[in-house]
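*Asks:*
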Amino acid sequence: MKSGFCLAALLLCAQATAQVGAPVPPAPLAQSLTLHAALDAAAAQVLPQVVNWRRDLHAHPELAFHERRTADLVARELSRMGYQVTRGQAETAVIGLLDTGRPGPVVALRADMDGLPVTEETGLPFASRDKAQVGGKEVGVMHACGHDMHVAMLLGAARVLADMRGQLAGAVKLVFQPAEEGVANEPNGAERLVKAGVLENPKVSAMFGLHVGITPQSTGTISTRARGLMASSDTFEIAVQGRQTHGALPWNGVDPVVVAAQIVLGLQTIVSRQTNLTVAPAVITVGTVHGGQRANIVPAEVKMSGTIRSFDPAVREQLLVQIKRTAENLAASAGATAQVSFDAGYPVTWNDPALTAQMLPSLQRVAGAQLLSDVAPSTTSEDFSYYGQQVPSMLFFLGVNPAGSDPAQWAANHSPRFNPDEAALLTGVRALASLAADYLTTHLTAH
């Protein structure tokens, strides 16, 4: 609100000085002031509806690829705003297209729609009471990762951009995607949409998205960085085959338990001794180890699994090679064998350096001193990364720390007590709309 007031005041001052014969701002600057003042005013006007959308969505969360009520709401609202609405891709996705009728690029904005199998414990008057069947069990469903806020903010930005259509060039494509949280052993929402051609017809020139979260900084803080913002996430499984024997006579067999222990330790040296950590951090964690049935039997097999996190695509590929080599060679040295398999997860969430540098002034205008433009990367992962593999993209974080509470009591994303501060909604609407509008008007000048 303060930034919008200041921009409007600057515009009024420029108009006043022009009346007394003082130099007026260059046309692009005057146009920018007018655009931003209108954008901020429109964002403030739509805010009450954004809050209503968010609370309605929060009370009715839906799991991955089941976001039917959410999709109906989104499609209905976009149609009312004048967007061309497409449905049917990736089961429940909703794509909105706003064509300005003027030549220019296509900018895309994304929001994820799915909730999580978490039973809510916030005590909010609009808390979710919905349940679903997961793995044969009835569980609670909750927007425990803030996707309800993402959808509401993008709908708010959609309204702002629709009102500003006459001042923009090119087109705006809104991607309301299912299943960011993913479903086991299935392609996730963004991967399916990319394969379905969501970035084509018309072809997207640049893409932006946000994710809310609890941060060390105050509510409304925007943070991002060029290059790797969030880690890739891959899963590995290693099956060590030995030869079963009596535990009192280990020399009569090949002990896969000892080999597995050596592999666990050997995997840690990949990061500490084989990875150039000045390029990008990396993590290899073994999360499960299973083998044996009795204390006095050397088993025939031990299985383990773990996760791999990295922030650079080249480092990611290197880690996969090194894990396989380490496991197989350590097993061979003991007369055992190791079978290594990988389940490819999300790629690195890569913020295009040139696009990030170009758009940081837009975020600076919105967040002011609350913009952090070079934050440490996060070891969590995001399927927004699939878009970044195809077109220049940028993701940013929006701080939503609960107001007036002890930071020690803040519940992070995926907690049943996750309760983001709605005060950040206006910042999110302004940021998404500003990125799209500024990107398009820059290219309008070029055209």
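Numbering (mature numbering (1 follows the signal peptide of the UniProt record, and there is no 0)) for the sequence shown: -18 to -1, 1 to 429.
Here a beta-carbon is modelled for each residue, glycine too, at the ideal position from N, C-alpha and C.
Computed from a predicted structure; not experimentally measured.
1. Just verifying my parser: in three-state terms, what is the DSSP assignment at G138?
2. What do you get for V303, buried or exposed, if any count of 16 or more other CB atoms within 10 angstroms of its CB means buried?
3. For the ligand MN, I want to know if A153 counts as a neighbour, meaning its beta carbon is within less than 7 angstroms of at least one of the ligand's heavy atoms.
4. Could you name the residues of the same chain whose beta carbon sits closer than 6 angstroms to that of S187, not counting the 5 residues immediately before and after it, in chain order?
5. Assuming the contact rule is C-beta atoms closer than 8 angstroms, V32 and G138 should be a hit. Round their C-beta distance to whole Å, please.
6. A41 bridges to which residues according to DSSP?
7. Whose CA, out of P295, T409, T82, L249, lies closest to the CA of A151?
8. Report yes if the CB atom of Q346 is closer than 8 angstroms to the CB atom of S200, and no otherwise.
9. In the DSSP assignment, find the unbroken alpha helix (DSSP H) run with K177 in it and report its ends.
10. Let me see if you follow: with CB-CB separation under 8 angstroms, is A394 close to chain D or not?
11. Please tell me whether P238 and P281 are closer than 8 angstroms, where the distance is taken between their beta carbons.
12. Do M341 and L417 have their C-beta atoms within less than 8 angstroms of each other?
13. According to DSSP, is Q159 part of a helix, a strand, or is it coil?
14. Could you work out which residue in A313, S215, E173 is closest to V297 when comparing CA atoms only?
15. Would DSSP call G370 helix, strand or coil?
16. Taking only the alpha-carbon atoms, compute the straight-line gap between L143 and Y65 and give it to the nearest angstrom.
17. Can you look up D216 in the DSSP assignment and give me helix, strand or coil?
18. Going by Cα to Cα distance, which pick from L407, N183, R36, R141 is closest to A20?
19. Output the distance between the C-alpha atoms of N395 and V123, rounded to the nearest integer angstrom.
20. Grab the span of the beta strand (DSSP E) containing Q66 for me, first residue to last.
21. Please confirm whether V241 and L312 have their CB atoms less than 8 angstroms apart.
22. For F47 and Q115, I'd like the C-alpha separation in whole angstroms.
23. So Q340 is in the beta strand (DSSP E); what residue range does that whole segment cover?
24. Pop quiz: A53 and R69 are said to be a contact at Cβ under 8 angstroms. What is the actual Cβ separation, rounded to whole angstroms?
25. I need the DSSP call for I204, collapsed to helix, strand or coil.
26. In three-state terms, what does DSSP make of M131?
27. Straight-line CA distance for M131 to V194?
28. When DSSP labels each residue in this structure, what does I196 get in the three-state scheme?
29. Using alpha carbons as the reference points, say which of D112, S287, D403 lies closest to P99.
30. Which residue from L45, S367, M135, F158 puts its Cα closest to that of E120?
*Replies:* Taking the definition as stated:
1. Sequence index remark: in the sequence shown, residue 138 carries index 156 (1-based). Residue state, collapsed to three classes: helix.
2. As a working mapping, residue 303 is identified with position 321 in the sequence shown. Exposed: under 16 other Cβ atoms inside 10 Å.
3. The ligand MN is not among the ligands present in this structure, which contains no ligands whatsoever.
4. Start at 1 with the first residue of the sequence shown, and residue 187 comes out as number 205. So the qualifying residues of the chain are P87, V88.
5. Here residue 32 refers to the residue found at position 50 when the sequence shown is read from its first residue. Here residue 138 refers to the residue found at position 156 when the sequence shown is read from its first residue. Between G138 and V32 the Cβ distance is about 4 angstroms, and since that is below 8 angstroms, they are a contact.
6. As a position in the sequence shown, residue 41 is number 59, starting the count at 1. Answer is none; A41 lacks a bridge partner.
7. As a working mapping, residue 151 is identified with position 169 in the sequence shown. Among P295, T409, T82, L249, the Cα nearest to that of A151 belongs to T82.
8. In the sequence shown, the residue the question calls residue 346 occupies position 364. In the sequence shown, the residue the question calls residue 200 occupies position 218. No. Outside cutoff.
9. Taking the first residue of the sequence shown as 1, we reach residue 177 at position 195. Counting along the chain, the alpha helix (DSSP H) containing K177 begins and ends at 171 to 178.
10. Chain labels in this structure do not include chain D; a single protein chain is all it has.
11. Counting from one through the sequence shown, the residue named residue 238 turns up at place 256. Counting from one through the sequence shown, the residue named residue 281 turns up at place 299. Taking 8 angstroms as the cut-off, the Cβ atoms of P238 and P281 count as close.
12. Here residue 341 corresponds to residue number 359 of the sequence shown, with the count starting at 1. Here residue 417 corresponds to residue number 435 of the sequence shown, with the count starting at 1. It is a contact, given that the beta carbons lie within the stated cut-off.
13. Along the sequence shown, read from residue 1 onward, the residue named residue 159 stands at position 177. Here Q159 sits in strand by DSSP.
14. To locate residue 297, count along the sequence shown from 1; it is residue 315. For V297, the nearest C-alpha among the options comes from S215.
15. For this step, residue 370 is matched to residue 388 along the sequence shown. Helix at G370.
16. The residue labelled residue 143 in the question sits at position 161 within the sequence shown. The residue labelled residue 65 in the question sits at position 83 within the sequence shown. C-alpha separation (whole angstroms): 10 angstroms.
17. As a first step, residue 216 must be located in the sequence shown, where it is residue number 234. It is a strand residue.
18. Position 38 of the sequence shown, counted from the first residue, corresponds to residue 20. With distances taken between CA atoms, A20 lies nearest to R141 out of L407, N183, R36, R141.
19. As a position in the sequence shown, residue 395 is number 413, starting the count at 1. As a position in the sequence shown, residue 123 is number 141, starting the count at 1. Distance between the alpha carbons of N395 and V123 is about 14 angstroms.
20. Mapped onto the sequence shown, residue 66 falls at position 84. Taken as a continuous stretch (DSSP letters only), the beta strand (DSSP E) holding Q66 covers 66 to 69.
21. By one-based count along the sequence shown, residue 241 stands at place 259. By one-based count along the sequence shown, residue 312 stands at place 330. Contact flag set, yes.
22. The count along the sequence shown starts at 1 and reaches residue 47 at position 65. The count along the sequence shown starts at 1 and reaches residue 115 at position 133. Distance between the alpha carbons of F47 and Q115 is about 14 angstroms.
23. Residue numbering aside, residue 340 sits at position 358 when the sequence shown is read from its first letter. Run containing Q340: none in the beta strand (DSSP E); it sits in the alpha helix (DSSP H), 335 to 349.
24. Position 71 of the sequence shown, counting from 1, holds the residue named residue 53. Position 87 of the sequence shown, counting from 1, holds the residue named residue 69. Rounded, the Cβ-Cβ distance is 7 angstroms, consistent with contact.
25. Numbered from its first residue, the sequence shown carries residue 204 at position 222. In the displayed model, I204 falls within a strand according to three-state DSSP.
26. To locate residue 131, count along the sequence shown from 1; it is residue 149. In the three-state reduction of the DSSP assignment, M131 falls in the helix class, which pools H, G and I.
27. The residue you call residue 131 lines up with position 149 of the sequence shown. The residue you call residue 194 lines up with position 212 of the sequence shown. Roughly 8 angstroms between the two C-alpha positions.
28. For the purposes of this step, residue 196 is taken as the residue at position 214 of the sequence shown. I196 sits in coil when the DSSP states are folded into three classes, being neither helix nor strand.
29. Position 117 of the sequence shown, counting from 1, holds the residue named residue 99. Closest option to P99, Cα to Cα, is D112.
30. Against the sequence shown, residue 120 aligns to sequence position 138. Shortest Cα-Cα distance from E120 to any of L45, S367, M135, F158 involves L45.
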